[in-house]
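A.B. asks:
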Amino acid sequence: MQTVAALAETDRARLLAELKARIAPPVARNAPLLPFGIDGIDARLGNGGLDGGGLHEVAAASPTLGDDAAATLFVAGAAARFAAEPSASVAWTLTRFDLYAPGLEQAGLPPDKLLYCEGRDEVMALALAEDCLRDGGFAAVVAEVKNADQTAMRRLQLAAADGHTPMLLLRRWARAARDPLEKASPACTRWRVGCAPSVPLSHPGVGRSCWSVELVRQRGGNPFSLIVEACDGKGRLALPAPARDRATAAGRASRRAA
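So the sequence shown is residues 16 to 273, counted in our numbering.
(1) For residue 96, does the three-state DSSP call read helix, strand or coil?
(2) In whole angstroms, what is the alpha-carbon distance linking residue 256 and residue 142?
(3) Please state whether the Cβ-Cβ distance between residue 93 and residue 128 is less than 8 angstroms.
(4) Return the residue from the list 148, 126 and 162 that minimises the CA-CA distance to residue 138.
(5) Report the three-state DSSP secondary structure of residue 120 (helix, strand or coil).
(6) How many Å lie between residue 81 and residue 240 at the Cα?
(7) What are the boundary residues of the beta strand (DSSP E) that includes residue 229?
(8) Using CA coordinates, which residue listed in 118, 238, 113 and 230 is at the minimum distance from residue 133?
(9) Exposed or buried, which one is residue 130 when buried takes at least 16 other CB atoms within 10 Å?
(10) Please classify residue 87 as buried or exposed, where buried requires at least 16 neighbouring CB atoms within 10 angstroms.
(11) May I ask you to report which of helix, strand or coil DSSP gives residue 138?
(12) Figure out for me which residue from 61, 236, 75 and 201 has the closest Cα to the Cα of residue 193.
(13) Confirm, please, whether the CB-CB distance from residue 165 to residue 203 is below 8 angstroms.
(14) Any chance the stretch 61–80 sits against the stretch 194–214, with 3 or more Cβ pairs inside 8 angstroms?
(15) Would you kindly check if the distance between the Cβ of residue 109 and the Cβ of residue 159 is under 8 angstroms?
(16) CB-CB under 6 angstroms to residue 185, same chain, minus the five flanking residues each way: which ones, in chain order?
(17) Can you tell which of 146, 199 and 187 has the C-alpha that lies nearest to the C-alpha of residue 177?
(18) Label residue 44 either buried or exposed according to how many other C-beta atoms from any shown protein chain fall within 10 Å of its C-beta, with 16 as the threshold for buried.
(19) Would you mind giving the Cβ-Cβ distance between residue 248 and residue 175, rounded to the nearest angstrom? I have them listed as a contact below 8 angstroms.
(20) Is the CB-CB distance between residue 251 and residue 96 below 8 angstroms?
(21) Mind listing, in chain order, the continuous beta strand (DSSP E) runs of no fewer than 3 residues lying wholly within the stretch 158–222?
(22) Take residue 107 as the anchor and find which of 243, 190 and 153 has the nearest alpha-carbon.
(23) Quick check: what's the CA-CA separation for residue 122 versus residue 218?
(24) Tell me where the alpha helix (DSSP H) around residue 242 begins and ends.
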């Protein structure tokens with residue numbers, strides 16, 4: 016027979032489980048899971064990829080134009096991979112249309128796959144993103160803002176789960192001294208992206224751009240960081256070739272030239 020103390024402990028455990036279930040973020044059902052196709056990333060992600068029914072935050076590593084462009088293209092590449100099907104499209108909400116369309120196309124997002132939604136302010140931009148998520152007709156939804164409160168973030172997470180649609184939130188720098196990711200967030204993953212030196216070539220020219228990618232926080236896994244090559248025309252990232260492989264390739268090229 017259980018003692019009074021044992022019963023009380025059982026009741027506390029049940030109550031704690033109920034509370035955890037109430038505050039736990041929703042888990043999307045039948046939502047796509049997007050792997051990066053890079054073991055160095057996918058093996059470290061709790062789900063093996065980006066949750067297609069969740070909120071994901073991305074910010075530039077610094078308020079410089081180079082890092083801001085890298086973060087934007089990182090988001091564009093992820094959206095392009097979610098929208099890989101020919102008929103799929105992406106909604107991109109913003110308050111000022113200042114995106115460089117050829118750059119997005121080089122990351123896998125051509126104009127015919129994009130629907131731009133311009134709001135009069137960031138509150139409206141986030142509301143438009145929520146509407147697009149709940150519509151369920153987009154392969155991914157992107158919103159770019161400088162500020163988003165906890166209520167808006169929570170609503171986006173819920174809408175992403177309900178609509179089985181990934182929400183990619185691009186957090187712009189509001190002030191140089193204030194990190195966009197400094198506050199807590201219900202996001203499934205939080206990323207910080209910046210520029211990194213390109214891999215040296217064996218001949219004069221400009222190599223493929225490289226980024227420093229840091230997973231600041233993730234649900235069900237640990238943070239990590241690594242250097243990757245920037246998105247190709249299908250939004251795919253790659254790992255730079257090891258230094259010894261580059262040296263071997265350069266030697267073969269020199270012998271062929273001779």
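For each residue, glycine too, the CB sits at the ideal point set by N, CA and C.
C.D. replies: According to the data block:
(1) The sequence position of residue 96 within the sequence shown is 81, counting from 1. Reduced to three states, the DSSP call for residue 96 is helix.
(2) Looking up residue 256 in the sequence shown gives position 241. Looking up residue 142 in the sequence shown gives position 127. It is roughly 42 angstroms from the alpha-carbon of residue 256 to the alpha-carbon of residue 142.
(3) By 1-based counting over the sequence shown, the position of residue 93 is 78. By 1-based counting over the sequence shown, the position of residue 128 is 113. A distance of 8 angstroms or more separates the beta carbons of residue 93 and residue 128.
(4) Residue 138 sits at position 123 when you count from the first residue of the sequence shown. Distances from the alpha-carbon of residue 138 to those of 148, 126 and 162 put 162 closest.
(5) Residue 120 sits at position 105 when you count from the first residue of the sequence shown. Residue 120 falls in the helix class under three-state DSSP.
(6) Working through the sequence shown from its first residue, we reach residue 81 at position 66. Working through the sequence shown from its first residue, we reach residue 240 at position 225. Computed Cα separation, rounded: 19 angstroms.
(7) For the purposes of this step, residue 229 is identified with residue 214 of the sequence shown, where counting begins at 1. Per DSSP, the continuous beta strand (DSSP E) segment holding residue 229 begins and ends at 225–233.
(8) Reading the sequence shown from its first residue, position 118 is the one you call residue 133. Here the closest residue by C-alpha is 113.
(9) Along the sequence shown, one-based indexing puts residue 130 at 115. Label assigned to residue 130: exposed.
(10) In the sequence shown, counting from the first residue as 1, residue 87 sits at position 72. In this structure residue 87 is buried. Its beta-carbon is surrounded by 16 or more other beta-carbon atoms within 10 angstroms.
(11) Here the question's residue 138 lines up with position 123 in the sequence shown. Correct three-state label for residue 138: helix.
(12) Counting from 1 along the sequence shown, the entry for residue 193 is found at position 178. Of 61, 236, 75 and 201, the residue nearest in Cα terms is 75.
(13) Mapped onto the sequence shown, residue 203 falls at position 188. Mapped onto the sequence shown, residue 165 falls at position 150. Going by C-beta atoms, residue 203 is not nearer than 8 angstroms to residue 165.
(14) The stretch 61–80 is in contact with the stretch 194–214.
(15) As a position in the sequence shown, residue 159 is number 144, starting the count at 1. As a position in the sequence shown, residue 109 is number 94, starting the count at 1. In this structure, residue 159 places its C-beta atom within 8 angstroms of the C-beta atom of residue 109.
(16) Counted from its first residue, the sequence shown places residue 185 at position 170. In the same chain as residue 185, and ignoring 5 residues on each side of it, the C-beta atoms closer than 6 angstroms to its own belong to 73, 90 and 159, in chain order.
(17) The residue labelled residue 177 in the question sits at position 162 within the sequence shown. Checked all of 146, 199 and 187; the closest Cα to residue 177 is 146.
(18) Residue mapping note: residue 44 aligns to position 29 of the sequence shown, counting from 1. Because the pLDDT at residue 44 is just 45, under 50, the model does not fix this residue reliably, and the value given afterwards should be weighed accordingly. Exposed: under 16 other Cβ atoms inside 10 Å.
(19) The count along the sequence shown starts at 1 and reaches residue 248 at position 233. The count along the sequence shown starts at 1 and reaches residue 175 at position 160. Contact flag wrong, Cβ pair sits at about 27 angstroms.
(20) If you number the sequence shown from 1, residue 251 lands on position 236. If you number the sequence shown from 1, residue 96 lands on position 81. Yes, the pair counts as a contact, with Cβ atoms nearer than the cut-off.
(21) Uninterrupted beta strand (DSSP E) stretches at least 3 residues long and entirely within the stretch 158–222 occur at 182–186 and 204–211, given in chain order.
(22) Locating residue 107 in the sequence shown gives position 92, counting from the first residue. In terms of Cα proximity to residue 107, the closest of 243, 190 and 153 is 153.
(23) Against the sequence shown, residue 122 aligns to sequence position 107. Against the sequence shown, residue 218 aligns to sequence position 203. Residue 122 and residue 218: Cα-Cα distance of roughly 25 angstroms.
(24) Position 227 of the sequence shown, counted from the start, is the residue given in the question as residue 242. Looking at the DSSP string, residue 242 is not in any alpha helix (DSSP H); the run it does join, the beta strand (DSSP E), is 239–244.
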